[in-house]
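First residue of the sequence shown? That's 1 in full-length UniProt numbering, and the numbers climb one at a time after it.
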Amino acid sequence: MASYFDEHDCEPVDPRPETRTNMLLELARSLFNRMDFGDLGLVVDWDHHLPPPAAKAVVENLPRTIINSSQAEELKCPVCLLEFEEEETVVEMPCHHLFHSSCILPWLSKTNSCPLCRHELPTDDDSYEEHRRDKARKQQQQHRLENLHGAMYT
1 MASYFDEHDC EPVDPRPETR TNMLLELARS LFNRMDFGDL GLVVDWDHHL PPPAAKAVVE
61 NLPRTIINSS QAEELKCPVC LLEFEEEETV VEMPCHHLFH SSCILPWLSK TNSCPLCRHE
121 LPTDDDSYEE HRRDKARKQQ QQHRLENLHG AMYT
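See below:
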């Protein structure tokens, strides 16, 4: 009968302490290289967390609009649901939604998106901005693949 080591073409472990330490280091390196840091909470899964606040410089530079008489009759602030008053100055988001500054500024200090359409403003968080760029690249790649697939059958 062949020994276990002959059957599996391997050698028994060297019992010396320095050899065992090297083996443990190799095992740790191997595990470290295969580890998913997302499981440890070191990487934020932005798809399941609230986005960070909008960049302060962007919020400060949002355009201000003066409500005219026709707008005052038909528009309301989507946050507080109060009608805008004629000649009132309001904040206009890049998506063209209008808000009272007292309504939208606290919102943007907590998250970077329009409360109505979720249009996102830039943030000061580098990891979130990288996530947004990656997400946009993946969507663009998916769009290209769909167009390529469609072009093959037309």
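By construction, the Cβ of each residue, glycine as well, lies at the ideal position given by its N, Cα and C atoms.
Please read these numbers as outputs of a predicted model, since none were measured by experiment.
- The alpha carbon of residue 67 has as its nearest neighbour, out of 78, 135, 22 and 92, the alpha carbon of 92.
- In the three-state DSSP reduction, residue 29 falls in the helix class (H, G or I).
- Within the segment 76-112, the runs of alpha helix (DSSP H) that reach at least 4 residues and sit entirely inside it are, in chain order, 101-108.
- Relative to the Cα of residue 69, the nearest Cα in the group 84, 51 and 77 belongs to 84.
- If you ignore the 5 residues before and after residue 113, its C-beta comes within less than 6 Å of the C-beta of 120, all in its own chain and listed in chain order.
- Nearest to residue 104 by C-alpha distance, out of 127, 65 and 79, is 79.
- A distance of 8 Å or more separates the beta carbons of residue 56 and residue 125.
- In this model, residue 53 and residue 74 are separated by some 30 Å (Cα to Cα).
- For a cut-off of 8 Å, the C-beta gap from residue 51 to residue 128 is around 6 Å, short enough to register as a contact.
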